[in-house]
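Have a look at the structure below, then the notes.
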Amino acid sequence: MKDSELKERLESYLGKRLQGTVEIANMVSLSGGACQENFSADIKVNGGPESGQYQTVYRTDKGAALLASLSRIDEFKVCRMAFEAGVKTPEPFWLESDNSVTGNPFYFMKRIQGKATGRFVVKDPSLNKVRKQITQELAENLASIHSVTPEKCKDEKLKEVLNLGQHVSGKTVAQGSVQALRSQLGSMDGAYPAMEIILNWLEKNAPESDSVVLIHGDFRTGNFMVNSEGLQGIVDWEFAHWGDRHEDLTWLCMRDWRFGKLNKEAGGFADRSEFYEIYEKASGVKLDPIKIRYWEVMGNLRWAIGCIGQAERHLSGKDKGIELASIGRRACEMEYEAMRLIEESVK
């Protein structure tokens, strides 16, 4: 669908929904996630109960979904749940689940300022004075995310979706994650002996979780917006699920998300110990070094499998792109890092 046609359809749809005349201006395509499409849009509503001006982002599907990614409907519900829990994330609104409007479900969210680009976050001089503040804000917001538990989720359907098809409890979170990764790997063409070795280690050493909480699922540099005033918002919730808090905490610290600042283990912008200390104070939970090592190995394997999956999207013709093809070649980096962490654990 051409951008001009999409604009006209949305103006007509919102006019009926909001009971007023709607004008959309400055509708510009933004860089999206792996399986989403985003447009910045200034919306003016004349008349009706929601009359006013809105600076928004329109979010919808764009192609083949990735394994374990939420539908836009469920993603909206998670964003809403996180927003209401006090997490600094763009407020979502105007959800539409009917495909007939634009071809896919969609929703709008409040547009926030800042940039998420990795190299901007870790290297831009304009952030030199606020990186410690950003570290504090991110750790505290991650604690707020993890304050959401299955017991607090009032939507029974969403609660089940976030289980990712598993019976989630403290004793089974790690085992369920291993089984899911083994299934994903088994569905791929080719042999991956290093990944099989890593899976076997994860299966043998699976720890029990202290509790089951809401996991962002992709909490890393590149998925939060910052500027010279600090953290503006956490975005991209399509991989949210119930799980072990150490999963989010180690995903941020993986080597691949440091964007050249390898000495700053927490996302390329902070020391890991500093980030963890702030998180412990905000959450009231003492982190376990053994679980930290375990979930970092798990994260590297998950991303290695994800890299193969990204390349497959290109090779299959579902979603052509040189970036997708090149990411597939990076799987060996994550294999090496996971094996290195395993070796260190047995010394």
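This note's numbering applies: residue 699 is where the sequence shown begins, and numbers increase by one. C-beta: ideal position from N, C-alpha, C; glycine also. Only a predicted model underlies this, so the values are computations on that prediction, with no experimental measurement involved.
Within the model, the alpha-carbon separation for A723 versus Y756 is close to 12 Å. Within the model, the alpha-carbon separation for A892 versus E835 is close to 37 Å. Annotated as distal: N736 and T719, with beta-carbon spacing of 7 Å or more. For I1025, there is no enclosing beta strand (DSSP E); the residue is part of the alpha helix (DSSP H) that begins and ends at I1020 to G1026. Within the same chain, Cβ atoms closer than 8 Å to the Cβ of T870 are found at Q864, the five residues on either side in sequence being excluded.
For D796, same chain residues with a beta-carbon under 8 Å away, outside a window of 5 residues either side, are P803 in chain order.
CA-CA distance, A739 to F922, rounds to 20 Å. A straight line joining the alpha-carbon of Y752 with that of L929 spans about 21 Å.
By a beta-carbon distance limit of 8 Å, F806 does not contact F818. Their separation comes to about 25 Å. Looking at the DSSP output, F781 bridges to nothing. Bounds of any beta strand (DSSP E) do not take in P848, whose DSSP letter is neither H nor E. Taken through DSSP and simplified to helix, strand or coil, W940 comes out as strand.
Counting along the chain, W899 sits inside the alpha helix (DSSP H) bounded by residues P891 to K902. Residue range R970 to S981 is occupied by the alpha helix (DSSP H) that includes K979. Rounded to the nearest angstrom, the Cβ distance from M952 to T800 is 35 Å, too far for a contact under 8 Å. The C-beta separation of Y1034 from L840 comes to about 27 Å, leaving the pair out of contact by the 8 Å criterion.
DSSP places D701 within a helical segment (H, G or I) once states are collapsed to three. Going by beta carbons, I1006 and A1029 fall inside the 7 Å limit. If you look at L879, you'll find it isn't in any beta strand (DSSP E); it sits in the alpha helix (DSSP H) that goes V871 to G884.
Three or more Cβ pairs drawn from the region 903-910 and the region 866-884 lie within less than 8 Å of each other, which places the two stretches in contact. The C-beta of L960 has fewer than 16 other C-beta atoms within 10 Å across all chains shown, which makes the residue exposed. In this structure W993 touches D942 by the C-beta definition: roughly 7 Å separates them, less than 8 Å.
Annotation: the region 717-754 contains the following complete segments of the beta strand (DSSP E) (minimum length 3 residues), in chain order: 719-728 and 734-744. With 16 or more other Cβ atoms from the protein chains shown falling within 10 Å of its own Cβ, N998 counts as buried. The three-state reading of DSSP puts A814 in coil, since its state is none of H, G, I, E or B. For S767, the number of other beta carbons within 10 angstroms of its own is at least 16, and it is reported as buried.
The beta carbons of I896 and V995 sit about 7 Å from each other, so the pair counts as a contact at 8 Å. The DSSP assignment places complete beta strand (DSSP E) segments of no fewer than 3 residues inside the region 781-810 at 790-794 and 804-808, in order along the chain. The distance from the Cβ of R918 to that of W940 is about 19 Å, inconsistent with a contact at the 8 Å cut-off. In this structure, D772 and V859 form a Cβ contact; the two beta carbons are roughly 5 Å apart against a cut-off of 8 Å. In the DSSP assignment, M1032 falls within the unbroken alpha helix (DSSP H) covering A1029 to S1043. Put simply, of G816, R880, D887 and D908 the residue whose alpha carbon is nearest the alpha carbon of G868 is D908. In this structure, the beta-carbon distance from G816 to F967 does not fall below 7 Å. Annotated three-state conformation of F957 is coil, per DSSP. Secondary structure at G915: coil, using DSSP grouped into helix, strand and coil. Around the beta-carbon of T847, fewer than 16 other beta-carbon atoms lie within 10 Å, marking it exposed.
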